[in-house]
Every structure is written in structure tokens, then in C-alpha cells.
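Enquirer:
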Amino acid sequence: MFSYCPQCQSPHPEFTDNKRTHCLSCGFVLYHNTAAAVAVLVKSGNRSIILRRGREPGKGLLDLPGGFVDPGESAEECCRREIWEELGISVTKLRYISSGYNIYPYKGVTYNTCDLFFIAECCDMNFVRQEDEVDEILLLGKDEIQLGQFAFESITKFLKEHWMEIPED
Ligand SMILES: [Zn+2]
0 MFSYCPQCQS PHPEFTDNKR THCLSCGFVL YHNTAAAVAV LVKSGNRSII
50 LRRGREPGKG LLDLPGGFVD PGESAEECCR REIWEELGIS VTKLRYISSG
100 YNIYPYKGVT YNTCDLFFIA ECCDMNFVRQ EDEVDEILLL GKDEIQLGQF
150 AFESITKFLK EHWMEIPED
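Okay, so the sequence shown: first residue is 0 according to numbering that gives the first Met the number 0, each after it adds one.
1) Tell me which same chain residues have a C-beta within less than 6 Å of the C-beta of G65, skipping the five on either side of it?
2) Ordered along the chain, which non-local residues of its own chain (more than five positions away) have a Cβ less than 6 Å from that of G57?
3) My parser needs the beta strand (DSSP E) runs of 3 or more residues fully inside the stretch 32-89; what are they?
4) Could you tell me the alpha carbon to alpha carbon distance between Y3 and I88, rounded to whole angstroms?
5) Starting from E132 and walking both ways along the alpha helix (DSSP H), at which residues does that stretch end?
6) For L139, which residues from the same chain have a beta carbon less than 7 Å from its beta carbon, with the 5 sequence-adjacent residues on both sides left out?
7) Can you tell which of D114, N125, M0, L146 has the C-alpha that lies nearest to the C-alpha of V90?
8) Determine which residues share a DSSP beta bridge with H161 and list them.
9) Which of the three DSSP states, helix, strand or coil, is assigned to I154?
10) Compute the minimum distance between the beta carbon of S9 and the heavy atoms of ligand 1, and state whether it is under 8 Å.
11) Is it true that the stretch 114-123 meets the stretch 22-38, where meeting means three or more beta-carbon pairs spaced less than 8 Å apart?
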């Protein structure tokens, strides 16, 4: 992961178990641990909120509201913060459903994520879109959701496994 040790600048620290950087010269150790992330299926009547991604990875593909959990933040707090930042709305009846895993390549670094999936409801349609992150906010009926168009495999898997939870007309 690093060409040089961040502590003593020796070349080629070893990288093992797909997560551990270890410098044999000075003993420096850094764990590139799995990052926690959330994604929320927000239901609005007989529609679901689906986003079109405005940035890489997966720019132009579909996504659910969500993102990486900040230090000192619970998964539920992260859901509410991300939904507020991406959509400018609050949600009710937020509940945890299941988890999955993913890889998230970002600017040359590959992050391994543990994705926590939630379902929530909203009645506020006054979206304030965060322009750089979200290209488009879609309100889709169940038969309009194209599972093959999502940026991340774990989200497709979650939606397939909980297809009965998606509202329909
Ligand atoms: Zn070192």
C-alpha cells in the first residue's frame, strides 16, 4: 500500500492479510481496517428514493442515500446525517435490516467496507440536492428500479434479498 514507511522512510514496508502495513526496519504498523458504511432505502408512499451518483466510483450509476460512518458516530446518526446532506430531508421509522461487504476504490486507494443497510420512510419531498455528490434524485415505483444499474454489488444484493420491502402501487 505504501512505497515507503510513513515513519522512517525505508522502502517497501510489507503489506499482509490485505490490511496490515508493517515496516521491518522500525517496527511501524498500520491497519487498513474495514470501513463502516450505511445505505438507506427511503420509502415515500408507493415510491423509493434512488440516487444517480455524481462522482466516482460509479459516477452516473444508481445508489441509495448513505456513506461512510464518521469517527464517534453511530450507524443511525450516520444515516440521518447523510440523508440530510444528500437530500436535505429528515426521515422516520429508521430501522436496521442487514449487512454486506464491498470494495470502494477512491483516488488510488481501495477501501474494504462493511455496509449496513437500513429502511426508513419520509413524507418531505422538498429535496435540496448536494450537487457534486448526487447527480439526480429519482422517485421510483418498484417496477422502475433497475437492479443492474447500481454502482455497488452489495446494494443490488440487499435490494434483491429484501425485494418484498420495496413499496409498490
Ligand atoms: Zn519504518
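Where is the CB? At the ideal position from N, CA and C, for every residue including glycine.
Expert: Let me lay it out:
1) Along the sequence shown, one-based indexing puts residue 65 at 66. Cβ within range, chain order: V37, A38, V39, E81.
2) In the sequence shown, the residue the question calls residue 57 occupies position 58. So the qualifying residues of the chain are A150.
3) Note on the stretch 32-89: whole beta strand (DSSP E) runs with a minimum of 3 residues are 34-43, 46-52, 65-67, in chain order.
4) Translated into the one-based positions of the sequence shown, residue 3 becomes position 4. Translated into the one-based positions of the sequence shown, residue 88 becomes position 89. Distance between the alpha carbons of Y3 and I88: 44 Å.
5) Reading the sequence shown from its first residue, position 133 is the one you call residue 132. No alpha helix (DSSP H) holds E132; DSSP gives it neither H nor E.
6) The residue given as residue 139 occupies position 140 in the sequence shown. Hits under 7 Å: R46, S47, I49.
7) Locating residue 90 in the sequence shown gives position 91, where the first residue counts as 1. Measuring from the Cα of V90, the nearest candidate turns out to be N125.
8) Indexing the sequence shown from 1 puts residue 161 at position 162. According to DSSP, which records beta bridges pairwise, H161 is partnered with nothing at all.
9) Position 155 of the sequence shown, counted from the start, is the residue given in the question as residue 154. I154: helix per DSSP, three-state reduction.
10) Position 10 of the sequence shown, counted from the first residue, corresponds to residue 9. Yes, the Cβ of S9 comes within 8 Å of a heavy atom of ligand 1.
11) The answer is yes - the stretch 22-38 touches the stretch 114-123, with three or more Cβ pairs under 8 Å.
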